[in-house]
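Enquirer: Structure below; questions to follow.
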Amino acid sequence: MWCWPGTWRALFDKRVFGCLNHLLRRRRRFRPSRLERAAARISSLAPDWVICTGDLTTTGTPAEFAAACRALKPFRAAALRGFLYVPGNHDCYVRDAACQEALAKTCLALNDGHGLADFPRVVEDRGLRLFLLNEACPTAPWLSCGRIDETATEWLREQFAAPRAEKEGRVLVGHFPVRGPDGRELSSRRHLAGAGPVHEWSLAGAYDVALCGHIHHAFRRDAPGAMEVCAGSLTLEGRIDVLDFFPESCTFSQFWLDMSDDEPAPLLAGQISATGAH
Ligand SMILES: [Fe+2]
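Residue numbers for the sequence shown follow my numbering, beginning at 1 and rising by one.
Laid out in structure tokens, this is it:
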């Protein structure tokens with residue numbers, strides 16, 4: 001979502017750069033009309049969980065959060081078990097008190113009463129464990145970085161050190177990819193600080209799938225380590241990541257829905273695969 005910040009204070013912080021970036025570069029490719037169709041398509045799948053991996057907003061202003069919450073209503077209604085949201089760097093864009101309050105309220109509203117202070121947290125559902133991280137923090141105007149802080153790192157270390165229950169599937173949910181589509185760290189301007197231990201846990205099989213956003217172009221990375229799926233930008237690129245978990249075999253399958261044209265969304269053929277069982 002993008003709205004005018006509505007305050008002169010935005011002229012003196014990072015929001016002025018975010019607005020210019022949107023108006024000069026992204027606005028022509030921005031397709032908010034896809035949201036309604038995407039929600040209907042997702043609803044037709046009757047998903048247990050609908051997960052938003054962040055960047056609801058452009059500059060993290062109260063007006064943008066309000067617009068995003070309105071747009072997300074049908075997505076939340078589509079989820080049979082629940083809706084989950086982790087903040088993106090655009091949602092935590094500046095330290096402005098009104099923006100931070102809007103983020104906190106949005107987090108509470110979208111996560112059924114779980115606020116920013118509840119990160120990191122785990123959601124358990126019939127053999128599936130979802131590890132949710134808040135990696136967003138305000139940064140300098142020229143940076144789009146995030147971080148996994150020491151508290152979250154130690155929490156993950158404890159979680160992953162615990163023996164898996166029989167046929168337990170583990171999914172890490174954060175905004176930033178642990179590695180880029182080519183398996184390398186993201187550039188210093190866009191990277192996730194503190195991702196090193198998580199990458200090591202991925203290689204060691206401590207978790208099965210990482211779900212993320214941040215990069216506008218959707219991608220899936222299968223090896224080495226856990227499968228990593230970046231949902232990309234729905235409004236800019238138009239893809240939806242669909243992940244199935246099969247508790248009997250403790251396997252996952254993933255495919256994409258393409259919402260990028262005005263025709264009924266087709267299933268992209270040949271993009272279904274499963275991870276190994278544990
Ligand atoms: Fe981002």
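Idealized CB from N, CA, C, for every residue including glycine.
(1) Mapping DSSP to helix, strand and coil, what is residue 258?
(2) Compute the beta-carbon to beta-carbon distance between residue 170 and residue 207, rounded to the nearest angstrom, for a pair I have assumed lies under 8 Å.
(3) Can we say the stretch 160-167 touches the stretch 100-112, given the rule of at least three CB pairs closer than 8 Å?
(4) To the nearest whole angstrom, what separates the beta carbons of residue 165 and residue 120, a pair I think is in contact under 8 Å?
(5) Assess contact between the stretch 127-147 and the stretch 225-233, defined as three or more Cβ pairs (one per stretch) separated by less than 8 Å. Is contact present?
(6) Residues in its own chain within less than 7 Å of residue 233 by CB, not counting five upstream and five downstream?
(7) What does a CB cutoff of less than 8 Å around residue 281 pick up in its chain, not counting 5 residues either side in sequence?
(8) Is residue 176 near ligand 1, with its Cβ less than 8 Å from a heavy atom?
(9) Taking the alpha carbon of residue 279 as the point to measure from, which residue in 111, 114 and 95 has its own alpha carbon closest?
(10) Select from 99, 49, 70 and 107 the residue whose C-alpha is nearest the C-alpha of residue 82.
(11) Secondary structure at residue 91, three-state DSSP: helix, strand or coil?
(12) Taking the C-alpha atoms as reference points, what is the distance between residue 85 and residue 211?
Expert: According to the structure data:
(1) Note: residue 258 maps to strand in three-state DSSP.
(2) That belief holds up - the Cβ atoms of residue 170 and residue 207 are roughly 4 Å apart, short of 8 Å.
(3) Pairwise C-beta distances place the stretch 160-167 out of contact with the stretch 100-112, as fewer than three of them are shorter than 8 Å.
(4) That belief does not hold up - the Cβ atoms of residue 165 and residue 120 are roughly 19 Å apart, past 8 Å.
(5) Judged by Cβ distances under 8 Å, the stretch 127-147 makes no contact with the stretch 225-233, as fewer than three pairs qualify.
(6) So the qualifying residues of the chain are 216.
(7) One cannot answer for residue 281 here, as it falls past the ends of the chain, which runs 1 to 278.
(8) If you check the C-beta of residue 176 against ligand 1, you find a heavy atom less than 8 Å away.
(9) In the structure as shown, the chain starts at 1 and stops at 278, and residue 279 therefore has no counterpart that could be examined.
(10) Measuring from the Cα of residue 82, the nearest candidate turns out to be 49.
(11) Helix at residue 91.
(12) Going by the C-alpha atoms only, they are around 12 Å apart.
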